[in-house]
Amino acid sequence: MKIYLIIGRNVDLKNFPFEEDSLKVGIDHGSLLALKNHLSLDYAIGDFDSCNEEEKRLISLHVPHIIPLNPIKDDTDTKHAYDLWKDEKDVSFVLLGGIQGKRIEHFYANLELVMKDERVSLLDDTTEIFSLSGRKKFYPSAYKFISFFPVDEKACLSLKGFAYDIDHRVISKGDGLGISNEIKRDVAEVIVYSGKVLSFLSKNDNLLV
């Protein structure tokens, strides 16, 4: 089951290709953004401290399941939602929005979830972020640039079919070796022999408004 956690802006929710039979969860003020974009939610989760009383009333009228959280807590609303379903079989999470914004610490908290669990990805209209180990194939798409960074101190990997291929190369934190690569064949592949890498897919700068 795919679970979409709707966090914030920078996502065209009206045209986003949600999978059928997926679960759509509004996270705090993200619930309001979803409703304003005429998206039906299954759940709304949060302390809703960023919503006024009228906005809270709107959420309560249109979302069938609401899980209110205490604003005094030791985790984020997003992490709480993740914890509710993380033990479900064959589950994956897409965090929509939350890559940019004024609360950069929340972005980092979301990034930590991505680094911890390969079933979690962060996505907005210009960027996709996920972690991986083992091997994965990539195909040409709207994402022009692809970058790999070690999650821990170092990772050993090979890149095939990219502008800058490497073979059993150890990349370490801070060396910048894996940034801004490009797919140059019909199929490209990354093979991670040890460690785990954080992957960033970014669209062509010229396509950004």
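Taking the working numbering, the leading residue of the sequence shown gets 35, the next gets one more, and so forth. Just so you know, even glycine gets a beta-carbon here, dropped at the ideal spot from N, CA and C.
Can you give the Cα-Cα distance for residue i and residue j, rounded to whole angstroms?
i: residue 112; j: residue 52; result: 19 Å
i: residue 212; j: residue 194; result: 13 Å
i: residue 243; j: residue 229; result: With a pLDDT of 48 at residue 243, under the threshold of 50, the predicted position of this residue should be treated as unreliable, though the coordinate-derived value follows. Their Cα atoms are separated by approximately 36 Å.
i: residue 122; j: residue 47; result: 25 Å
i: residue 160; j: residue 236; result: 6 Å
i: residue 103; j: residue 209; result: 41 Å
i: residue 146; j: residue 137; result: 15 Å
i: residue 183; j: residue 88; result: 43 Å
i: residue 202; j: residue 224; result: 10 Å
i: residue 198; j: residue 188; result: 19 Å
i: residue 64; j: residue 78; result: 9 Å
i: residue 158; j: residue 67; result: 14 Å
i: residue 185; j: residue 98; result: 38 Å
i: residue 266; j: residue 171; result: The question about residue 266 has no answer, for the chain in this structure spans 35 to 243.
i: residue 162; j: residue 173; result: 14 Å
i: residue 142; j: residue 234; result: 14 Å
With residue i as the anchor, note down where its alpha helix (DSSP H) starts and where it stops.
i: residue 161; result: First-last for residue 161: 161-172, but that is the beta strand (DSSP E), not the alpha helix (DSSP H).
i: residue 115; result: 111-119
i: residue 148; result: 138-150
Classify residue i: buried if its beta carbon has 16 or more other beta carbons within 10 angstroms, exposed otherwise.
i: residue 38; result: buried
i: residue 116; result: buried
i: residue 83; result: exposed
i: residue 231; result: buried
i: residue 207; result: exposed
i: residue 176; result: exposed
i: residue 106; result: exposed
i: residue 214; result: exposed
i: residue 95; result: exposed
i: residue 80; result: buried
i: residue 42; result: buried
i: residue 168; result: exposed
i: residue 165; result: buried
Give the DSSP bridge partners of residue i, in chain order.
i: residue 84; result: DSSP output for residue 84 lists no bridge partner at all.
i: residue 129; result: 39 and 156
i: residue 57; result: 37
i: residue 206; result: 188
i: residue 101; result: 79
i: residue 223; result: 171 and 194
i: residue 200; result: 193
Could you have a look at residue i and say whether DSSP puts it in helix, strand or coil?
i: residue 52; result: coil
i: residue 177; result: strand
i: residue 230; result: strand
i: residue 106; result: coil
i: residue 63; result: helix
i: residue 17; result: The chain is shown only over 35 to 243; residue 17 falls outside these bounds and no answer can be derived.
i: residue 72; result: coil
i: residue 235; result: strand
i: residue 242; result: Annotation note: pLDDT 49 at residue 242 (below 50); position unreliable, no value reported.
Taking residue i as part of the beta strand (DSSP E), name the residues at either end of that continuous run.
i: residue 194; result: 188-194
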